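> Count the sequence shown with our numbering and you get residues 6 to 461, in order.
Where is the CB? At the ideal position from N, CA and C, for every residue including glycine.
Values in this document were obtained by computation on a predicted structure and should not be read as measured data.
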Amino acid sequence: MKDAEHHHHHVRDTFGSSFGVLVALAGSAVGLGNLWRFPYLVGENGGAAFILIYIAFVCLLGIPVMLSEFIIGRRSQSNARGAFRRLAPGSHWGVAGILAVVCCILILSFYSVVGGWGVEYLLRALRFDFTSGGSSDLSSFFTTFTASTWKPLVCHTAFMLASALIVVFGVKNGIEKFSKVMMPVLFVIMIGLAVRSLTLPDAGAGITYLFRPDWSKVTSDTVLAALGQAFFSLSLGSGMVITYGSYVSKKANILSLSAQTALADTLFALIAGCAIMPAVFAFGISPGEGPGLVFITLPHIFSNLPFGGAIAILFFLALLLAALTSSISLLEVIVTFCIEEFKLKRKTAVALTAFVLWVLGCLCSLSLGVLGDWRIFGKTVFDLFDYVSANVLMLIGGLLVVLFVGWKMDRKAIHDELSNSGSLHVPEWFIGLLTFLVRYLAPAAILAIMVFQWIS
Ligand code: TRP
């Protein structure tokens, strides 16, 4: 064994514990999707009804897709492309893995730019800049800042360097260690913020909005937005769970890990909702503010809240931590791919990947300002990367994953992964339900969503 390891180019890293896997997976899932995207989508789509549809999609489609990625990753012990090639040698399925890697490249490019905005806002909070100035100042600050040339680039560079610095230490000593410390910190901060918000004098209106559904507001757009958000928030269809799953021990229970990750991500989105909506209503701001909700509306609220300065620091610290635990997972998908498919050392792979992504991120950032006139299919680079990843590649990726596990993969291999080769008892009815979801319901629903999105 020792000898065999010496002859190999590298020995494969693994996660150290089940808790480590859980915080790493939850860390990937919990991110800007929960703190920035979820609240404004809830606001734009009428509140509680959107949340209920979202939760239904997480259970019926999210968990089956996540479990399918887990099965592919842990079975193959390989990167997103290598996984498909090992399980289906001589086929073209490797292309599904390449699409996943491309998807992560596109997401991380703009994700790092938004993460950079988080850096700038945290620095501003630390200087207590939000305790003065009206809301019009704050919205013009946001637009001026994101459209300017140098500052966002510097922040994006800092964010990308921080992500690379964690990933260079590997899965167990980098990603797992960072997530183990930061996820509990993040959780405590968010609970604290939610408690503060829920104890505001007029919190009631926000709570009603979050938890009492108004079905008259539901349209087909609401349904589409809810599915897209479920995929984005759970980091599905982009090879993340395949890659992390490939580092998970054969003794871990992938069924409960998938359920716990989905639960943690959903809880987190709800807590973020409880932290944001009551404050939005208490200050008489419209919840349908759009993507500026976190960066424009919240600073306005902080400036009117007792101890608002300290709360602003905590909020943007939470945002930055959540973004980092997600960006390292995006980076790891690409880095694992480069290490195994191009036989690179981890250090080389991280340096190369981070550099290429830094350049692409710079293009995204500049496309909100000086490069704004450069349009591809009528979109700026930022919007194009966002649109193609979330509305095209993640959905195709999810579709391919369930088709692969549902129709191509060996039944016995799937059962072995679910039951850890027979040592866990998995009830028959459960296998039956899962088979139905993975073979029929998930592919049909994802396909329907894609077709709808493209024709409308
Ligand atoms: N889930 C992350 C968030 O909510 C973002 C994300 C989308 C992601 N796709 C991903 C993270 C793929 C890792 C891998 O912010």
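At a cut-off of 8 Å, is leucine 237 close to the ligand TRP when judged by its beta-carbon and the heavy atoms of the ligand?
Along the sequence shown, read from residue 1 onward, the residue named residue 237 stands at position 232. The question names leucine, yet the displayed sequence has phenylalanine at residue 237. For the ligand TRP, at least one heavy atom lies less than 8 Å from the Cβ of phenylalanine 237.
> To test your reading of the DSSP string, which unbroken alpha helix (DSSP H) runs of 4 or more residues are found completely within the segment 34–93?
Fully enclosed alpha helix (DSSP H) runs of 4 or longer: 43–49, 53–62, 68–81, 85–92.
> I'd like the span of the alpha helix (DSSP H) that includes asparagine 309, first residue to last.
Along the sequence shown, one-based indexing puts residue 309 at 304. Note, asparagine 309: alpha helix (DSSP H), 303–309.
> What residues match up with isoleucine 381 in a beta bridge as DSSP calls it?
Against the sequence shown, residue 381 aligns to sequence position 376. Paired residues: Lys384.
> Residues in the same chain with beta-carbon distance under 6 Å from cysteine 160, minus the five sequence neighbours each way, listed in chain order, please.
Here residue 160 corresponds to residue number 155 of the sequence shown, with the count starting at 1. Excluding sequence neighbours, cysteine 160 sits near Gly121, Val124, Glu125.
> Rounded to whole angstroms, what's the CA-CA distance from valine 176 to serine 251? Just pull it up for me.
The count along the sequence shown starts at 1 and reaches residue 176 at position 171. The count along the sequence shown starts at 1 and reaches residue 251 at position 246. Their Cα atoms are separated by approximately 11 Å.
> Less than 8 Å between the CB of serine 461 and some heavy atom of the ligand TRP, yes or no?
For the purposes of this step, residue 461 is taken as residue 456 along the sequence shown, with counting starting at 1. The answer is no for serine 461.
> Rounded to whole angstroms, what is the Cα-Cα separation between glycine 52 and tyrosine 214?
Indexing the sequence shown from 1 puts residue 52 at position 47. Indexing the sequence shown from 1 puts residue 214 at position 209. Distance between the alpha carbons of glycine 52 and tyrosine 214 is about 5 Å.
> Would threonine 266 be called buried (16 or more neighbouring beta carbons within 10 Å of its own) or exposed?
Residue mapping note: residue 266 aligns to position 261 of the sequence shown, counting from 1. Per the 10 Å Cβ criterion, buried.
> Out of Phe441, Val406, Ile56, point me to the one whose CA is closest to arginine 217's CA.
Here the question's residue 217 lines up with position 212 in the sequence shown. Of the candidates Phe441, Val406, Ile56, the one whose C-alpha sits nearest the C-alpha of arginine 217 is Ile56.
> Check whether the Cβ atoms of alanine 93 and arginine 80 lie closer than 9 Å to each other.
Looking up residue 93 in the sequence shown gives position 88. Looking up residue 80 in the sequence shown gives position 75. No, the pair does not count as a contact, with Cβ atoms beyond the cut-off.
> DSSP three-state call for tryptophan 98: helix, strand or coil?
The residue you call residue 98 lines up with position 93 of the sequence shown. Tryptophan 98 falls in the coil class under three-state DSSP.
> Rounded to the nearest angstrom, how far is the Cβ of proline 296 from that of tyrosine 45, given a contact under 8 Å?
Taking the sequence shown and counting its residues from 1, the one referred to as residue 296 is at position 291. Taking the sequence shown and counting its residues from 1, the one referred to as residue 45 is at position 40. Confirmed, about 6 Å.
> Would you tell me roughly how many angstroms separate the C-alpha atoms of alanine 235 and alanine 105, rounded to the nearest one?
Position 230 of the sequence shown, counted from the first residue, corresponds to residue 235. Position 100 of the sequence shown, counted from the first residue, corresponds to residue 105. Whole-angstrom Cα-Cα distance: 17 Å.
> Please classify aspartate 378 as buried or exposed, where buried requires at least 16 other C-beta atoms within 10 Å of its C-beta.
By one-based count along the sequence shown, residue 378 stands at place 373. Its Cβ having fewer than 16 others within 10 Å, aspartate 378 is exposed.
> State the DSSP-derived secondary structure class of histidine 430, mapped to helix, strand or coil.
Working through the sequence shown from its first residue, we reach residue 430 at position 425. Three-state result, histidine 430: coil.
> Using 9 Å as the threshold, is the C-beta distance between valine 246 and glycine 78 below it?
The residue labelled residue 246 in the question sits at position 241 within the sequence shown. The residue labelled residue 78 in the question sits at position 73 within the sequence shown. Yes, these two residues count as a Cβ contact at 9 Å.
> Which residues mark the beginning and the end of the alpha helix (DSSP H) in which phenylalanine 232 is found?
The residue given as residue 232 occupies position 227 in the sequence shown. The amino acid occupying residue 232 in the given sequence is leucine; phenylalanine does not appear at that position. Note, leucine 232: alpha helix (DSSP H), 225–238.
> Any contact between the segment 179–187 and the segment 256–263? By contact I mean 3 or more CB pairs, one from each, below 8 Å.
No, they do not touch.
> Is there a Cβ from chain C that is less than 9 Å from the Cβ of phenylalanine 236?
You won't find chain C in this structure, because it holds only one protein chain.
> Am I right that phenylalanine 457 and serine 202 are in contact with their C-beta atoms under 8 Å? What's the rounded C-beta distance?
Residue numbering aside, residue 457 sits at position 452 when the sequence shown is read from its first letter. Residue numbering aside, residue 202 sits at position 197 when the sequence shown is read from its first letter. Between serine 202 and phenylalanine 457 the Cβ distance is about 35 Å, and since that is not below 8 Å, they are no contact.
> Does the distance from the CB of valine 386 to the CB of threonine 358 come in under 9 Å?
As a working note, residue 386 is residue 381 in the sequence shown. As a working note, residue 358 is residue 353 in the sequence shown. Cβ atoms of valine 386 and threonine 358: not closer than 9 Å.
> Should tryptophan 459 be labelled buried (16 or more other beta-carbon atoms within 10 Å of its own) or exposed?
Translated into positions along the sequence shown, residue 459 becomes position 454. Flag for tryptophan 459 reads exposed.
> Could you give the residue range of the alpha helix (DSSP H) that holds glutamate 283?
Position 278 of the sequence shown, counting from 1, holds the residue named residue 283. One point to set straight first is that residue 283 is proline, not glutamate, in the sequence displayed. Here the alpha helix (DSSP H) through proline 283 covers 259–287.
> Using three-state DSSP, classify serine 251 as helix, strand or coil.
In the sequence shown, residue 251 corresponds to position 246, counting from 1. Residue state, collapsed to three classes: coil.
> Quick one: measure Cβ to Cβ for leucine 232 and phenylalanine 43, integer angstroms, because I've assumed they're closer than 8 Å.
Your numbering for residue 232 matches position 227 in the sequence shown. Your numbering for residue 43 matches position 38 in the sequence shown. Between phenylalanine 43 and leucine 232 the Cβ distance is about 13 Å, and since that is not below 8 Å, they are no contact.
> Which runs of the alpha helix (DSSP H) fall wholly inside the segment 147–224 and span at least 4 residues, in chain order?
Correct list: 155–172, 182–203, 208–216.
> For the putative contact between serine 184 and glycine 32, defined by C-beta atoms under 8 Å, what is the C-beta separation to the nearest angstrom?
Indexing the sequence shown from 1 puts residue 184 at position 179. Indexing the sequence shown from 1 puts residue 32 at position 27. The Cβ separation is near 4 Å, so the contact holds.
> For serine 332 and serine 168, which I take to be in contact (beta-carbon distance under 8 Å), what is that distance rounded to the nearest angstrom?
For this step, residue 332 is matched to residue 327 along the sequence shown. For this step, residue 168 is matched to residue 163 along the sequence shown. The pair is a contact, with the Cβ atoms about 4 Å apart (cut-off 8 Å).
> Return yes when at least one heavy atom of the ligand TRP lies under 8 Å from the C-beta of glycine 121, else no.
Against the sequence shown, residue 121 aligns to sequence position 116. For the ligand TRP, not one heavy atom lies less than 8 Å from the Cβ of glycine 121.
> Enumerate in chain order the residues of its own chain whose CB-to-CB distance from methionine 6 is below 6 Å, with the five nearest sequence positions on each side excluded.
As a working mapping, residue 6 is identified with position 1 in the sequence shown. Reliability fails at methionine 6, whose pLDDT of 42 lies under 50, so the model's placement of it is uncertain and no value is given.
> Specify the secondary structure class of leucine 241 as computed by DSSP and reduced to three states.
What you label residue 241 is simply residue 236 of the sequence shown in a count that begins at 1. Three-state result, leucine 241: coil.
> By Cβ distance, which residues of its chain are closer than 7 Å to glycine 48, with the 5 residues on each side in sequence left out?
Residue mapping note: residue 48 aligns to position 43 of the sequence shown, counting from 1. Closer than 7 Å at Cβ, skipping near neighbours: Pro292, Gly293, Glu294, Leu298.
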